[in-house]
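Asker: What follows is a single structure, and I will ask about it in a moment.
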Amino acid sequence: MRILLVGAGGVGSAAVAIAARRSFFETMVVADHDPARASRAIAGRDSRFVAAQVDASSTEAVAALCREHRITHVFNAVDPRFVMSIFDGAFAAGADYLDMAMSLSHPHPTAPYAETGVKLGDDQFAAASAWVKAGRLALCGIGVEPGLSDIFARYAADELFTEIDEIGVRDGANLTVDGYDFAPSFSIWTTIEECLNPPVIWEADRGWYTTPPFSEPEVFEFPEGIGPVECVNVEHEEVLLIPRWVKAKRVTFKYGLGDEFIEVLKTLHKLGLDAVSPVRVRGVEVSPRDVVAACLPDPATLGDRMRGKTCAGTYVTGIGVDGRPRKVYLYHVVDNEWSMREYGHQAVVWQTAVNPVVALELLATGAWSGAGVIGPEALPPVPFLDLLTDYGSPWGMEER
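Structure, rendered in structure tokens:
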């Protein structure tokens, strides 16, 4: 296996640290628009790791780099605005493809808070038949959420339930960052995108529909000392992926943002600072959202100031295999102190990065295989969950 990792930011650099301890691949080319950042990501690693420069917005540049290094698998670790150029570049070069976020959505032009427009992943699913015909695999949404959360959904359907009422992905944390009043632990660009877009819900008798941002607040009890966190509806790929392969009456995604975070996001929206289209400032064209990102600390640099744990999980309700009502929360918790001590990377980016590396190893060994554009829930969950535990990061399950 010869991997091209596009993006040497927080998640990409954490993926390098994780992969360096495994032996399933021959080469990993770590490419970034900033060659110095790519070089820093592989500093001190063995000869399997190679740094390169790439323009992730160019399909041709991605394909050329794949051909130069005889790449078999492209691992996309940049923000979702570059999904289609990297996705198309991998296909053009005859490589398989993995990402952690899917192609961007576009709200319905007249009823954005009731009907879907272009949904997350629609542009990729439109190319599915070409990928099948070519015998190539695009495994989409294989981070933690989406990714591990989808695998939990499939595991629940296969092993724990005979009938599922709701699959509800619930994400929460008790992380704090010393010295900052406001410091997101993940890409603010991506956070703005998913939190201010209309959230999508799936219902079996209605299909996909949307609601206003931050709707349907609920207090969810998170395990391992995190405790109760208020969660709200947020647009996320799981709701677009899980119903394609797992039978359920309802699928939702709710994120524990907190009142302060929600107010900041609402303010950015009111001021137009969430916009991606450039505006002219003193003769310079600049995207307001990029300005916001530039004013905040890089999440990858916050690890030594972060305290607490982050939890990703899937809450499933329905009828268990014994015929009785059942409620189960399948989850994965990462303690920032542990991830910093063991890998030198903060908990949120490490938790995101470990899952695609596990998936790549399963593809390398043949435990996972396929063709077309698919989500993690299309593949057997047990090999993944077993290997994740082998990586030293076990998952948990609570009856509720």
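To convert, take the position in the sequence shown, counting from 1, and add 189; that gives the working numbering. Each residue gets a CB set at the ideal place from its N, CA and C atoms; glycine is no exception.
Give a yes or no on whether the C-beta atoms belonging to T506 and E355 are separated by under 7 Å.
Answerer: yes
Asker: On the criterion of 16 or more Cβ atoms from any shown chain inside 10 Å, does V307 qualify as buried, or is it exposed?
Answerer: Exposed, by the Cβ-count rule.
Asker: Should L309 be labelled buried (16 or more other beta-carbon atoms within 10 Å of its own) or exposed?
Answerer: buried
Asker: Going by DSSP, which residues form a beta bridge with W187?
Answerer: Past the boundaries of the shown model lies residue 187; the chain is included only from 190 to 589, so the question cannot be answered.
Asker: A245: which of H521, A220, S376, W320 sits nearest, CA to CA?
Answerer: A220
Asker: Which residues in the same chain as M586 place their Cβ atom closer than 8 Å to its Cβ, once the five residues preceding and following it in sequence are excluded?
Answerer: V517, Y518, L519, Y520
Asker: Below 8 Å on the Cβ atoms is my contact criterion, and I expect A342 with G445 to pass it. Report the Cβ-Cβ distance as a whole number of Å.
Answerer: Not quite, the Cβ-Cβ distance comes to about 19 Å (not below 8 Å), so this is no contact.
Asker: Relative to the C-alpha of A482, which residue among A284, W391, W378, A372 is closest?
Answerer: W378
Asker: Quick one: Cα of A204 to Cα of F375, how far?
Answerer: The straight-line gap from Cα to Cα measures roughly 15 Å.
Asker: Quick one, which of L549, I353, R530 has its alpha-carbon nearest R513's?
Answerer: I353
Asker: Sorted by chain position, which residues of the same chain lie with C-beta nearer than 7 Å to E550's C-beta, five sequence neighbours on each side aside?
Answerer: R211, F213, L576
Asker: Just to confirm, are E383 and E424 a CB contact at a threshold of 7 Å?
Answerer: For the 7 Å CB-CB criterion, E383 and E424 form a contact.
Asker: Which residues in the same chain have their Cβ closer than 7 Å to the Cβ of D312, if we skip the five residues on either side of it in sequence?
Answerer: Excluding residues within five positions, the ones whose Cβ falls inside 7 Å are M273, S292.
Asker: One question on the structure: do G561 and V321 come within less than 7 Å of each other, judged by their Cβ atoms?
Answerer: yes
Asker: Buried or exposed: G396, going by 16 or more other Cβ atoms within 10 Å of its Cβ?
Answerer: exposed
Asker: Expressed to the nearest angstrom, what Euclidean distance is found between the alpha-carbon atoms of Y286 and V440?
Answerer: 26 Å
Asker: Spatial neighbours of A556 within its chain, please: C-beta separation below 7 Å, excluding the five flanking residues on both sides.
Answerer: Here A556 has P572 as same chain residues with Cβ atoms under 7 Å from its own Cβ, once five neighbours each way along the sequence are excluded.
Asker: Can you give me the C-alpha to C-alpha distance between L194 and G502, rounded to a whole angstrom?
Answerer: 26 Å
Asker: Go through its chain and collect everything with a Cβ distance to A542's Cβ below 7 Å, but skip five positions before and after it.
Answerer: V200, A203, A204, I207
Asker: Let's see if you can read the secondary structure: which residues bound the alpha helix (DSSP H) around P313?
Answerer: Checking the sequence, you will find Gln at residue 313 rather than Pro. Taken as a continuous stretch (DSSP letters only), the alpha helix (DSSP H) holding Q313 covers 311 to 314.
Asker: Taking contact to mean 3 or more Cβ pairs, one atom from each stretch, closer than 8 Å, check whether the segment 325 to 333 and the segment 396 to 415 are in contact.
Answerer: no
Asker: Buried or exposed for F280, going by 16 or more other Cβ atoms inside 10 Å?
Answerer: Around the C-beta of F280, 16 or more other C-beta atoms lie within 10 Å, and the residue is accordingly described as buried.
Asker: When the Cα atoms are used, what is the spatial distance from V408 to P488?
Answerer: 26 Å
Asker: Between V470 and C500, is the Cβ-Cβ spacing less than 7 Å?
Answerer: Using a Cβ distance threshold of 7 Å, V470 and C500 do not count as a contacting pair.
Asker: Closer than 6 Å by C-beta to I260: which residues in its own chain qualify, once you throw out the five before and the five after it? Chain order, please.
Answerer: R191, L193, A284
Asker: Look at the Cβ atom of I508, then the Cβ atom of T351, and state whether they are nearer than 7 Å.
Answerer: yes
Asker: Can you give the Cα-Cα distance for V465 and E348, rounded to whole angstroms?
Answerer: 43 Å
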